[in-house]
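Enquirer:
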Amino acid sequence: YMKKYGWWNVRGFNWNAQDWPPEELHEQFKEIIDLENAKEIVYVLKLDHDKWFIGNTKNLKWSLDLHNKGNPPWIDIHKIIEVKEITENGDPKSITLDYMRRYGWENVRGYSWRRWDMKNPPHELRKIYKDLRNVDN
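Heads up, the sequence shown is in our numbering, so the first residue is 45 and it goes up one at a time.
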């Protein structure tokens, strides 16, 4: 069916699973993390080449293991130096935008801006960059 109708149109068995881990595995995962009581954290990673990455998770160890395997590509290109900041129940969007203002949007990835090859700053920052260009002219 997937070949005939396209994988994006077919769901069934585990292909429709949206929540991870599946409920039947929650008991096994409780040894790693208490999923029901874990707090969402926002973390800031300092990377090689004066780059930054902002992420959010309920399990920092799991996220760092994933990042050490090169996911997302931004972290594969610019290796992790250290975890610079951890904020419980923080807002990843505002923290990412704050770091983009401080260090330049070209040097920061996070929230929904994770592409390594972004061509333009986020809409929220474009007015700032437009105003700066007008001051220079």
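Ideal Cβ placement from N, Cα and C applies to all residues, glycine included.
Along the chain, where does the beta strand (DSSP E) containing Y87 start, and where does it finish?
Expert: In the DSSP assignment, Y87 falls within the unbroken beta strand (DSSP E) covering I85 to L91.
Enquirer: Note down the Cα distance separating L141 from K113, rounded to an integer number of angstroms.
Expert: 26 Å
Enquirer: Pull up the distance between the alpha-carbon of K163 and that of T101, whole angstroms please.
Expert: 27 Å
Enquirer: If you follow the beta strand (DSSP E) that N115 is part of, which residue opens it and which one closes it?
Expert: That residue, N115, is in no beta strand (DSSP E); it is neither H nor E in DSSP.
Enquirer: Just checking my contact of K128 with V88 at CB under 8 Å: how many whole Å lie between their CB atoms?
Expert: 5 Å
Enquirer: Once you ignore the five residues that flank D120 on each side, which residues in its own chain have a CB closer than 8 Å to its CB?
Expert: G114
Enquirer: Measure the C-alpha to C-alpha separation of V152 and K83 and round it to an integer number of angstroms.
Expert: 24 Å
Enquirer: Measuring straight from C-alpha to C-alpha, what distance separates K90 and N133?
Expert: 20 Å
Enquirer: Go through the region 103-165 residue by residue and report every complete run of the beta strand (DSSP E) that reaches 3 residues or more, in order.
Expert: 124-132 and 152-154
Enquirer: For N100, list the residues DSSP reports as bridge partners.
Expert: V86
Enquirer: For D94, tell me which candidate among E150, K171 and S156 has the shortest Cα-Cα distance.
Expert: E150
Enquirer: Tell me, please, which residues DSSP counts as bridged to I95.
Expert: Looking at the sequence itself, residue 95 is Lys, so the reference to Ile does not match. Per DSSP, L91.
Enquirer: Closer than 8 Å, CB to CB, is I121 near chain D or not?
Expert: Absence of chain D from the displayed structure is noted, only one protein chain being present.
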